[in-house]
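Each residue of the sequence shown is one higher than the one before, starting from 1 at the first, in the numbering used here. C-beta atoms are modelled at their ideal positions from N, C-alpha and C, and glycine is treated no differently. Quantities reported herein were computed from a predicted structural model and do not represent experimental measurements. Encoded as structure tokens, the structure appears first; notes follow it.
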Amino acid sequence: MTNPGDRVVQPAEQLRYATWLDWGTRVGLVVLLLSFAAYVLGLAESHVPVSRLPELWVHPVGRFLELTASPTGWGWLALVHRGDIAGLLGIAILAGSSVLCLLALVPLYWSRGDRAFAAICLAEVAVVLVAASGWIAGSH
């Protein structure tokens with residue numbers, strides 16, 4: 001049992017991961033807020049006009065994508081300047097923050113001689129990147 005005055009010491013890798021995750025989360029949330037504000041205030045032109053949304057929302061996603069000429073997969077990056085698409089950048093930052101956190105751990109583990117942990121981090125990054133690429137589902 002610890003005393004109330006005892007200080008808990010976190011391992012360096014936990015602190016590094018937490019710091020990078022904290023920053024990734026902050027950046028992602030700021031991008032989400034700014035992109036939403038730009039969309040709501042009309043500062044960025046929308047890919048799909050707001051006035052068309054009620055007529056389009058009734059369709060299944062496939063038909064919605066067809067009617068709006070909206071891209072699938074990573075095609076949204078070409079439209080990231082559009083107000084209604086820009087929010088996806090914030091979501092991508094939030095979802096991808098763990099990749100940067102894991103990459104930040106590799107030099108720490110490597111310098112300590114923990115090659116297995118460095119390799120595990122790199123393997124996890126590879127799995128996330130392959131999954132995000134769409135190669136597995138064949139939607140590249």
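Asked	Found
Per-residue DSSP class, three states only, for Gln14	helix
Cβ-based burial, Ala86 [other Cβ within 10 Å; buried from 16]	buried
Nearest candidate by alpha-carbon position, reference Gly75, set Leu34, Ala38, His47	His47
Exposure of Ile136, with buried meaning 16 or more beta-carbon neighbours within 10 Å	exposed
Cβ shell of Leu94 (< 6 Å), same chain only, five flanking positions each side left out	Gly28
Sub-9 Å separation of Tyr109 and Glu13 beta-carbons	yes
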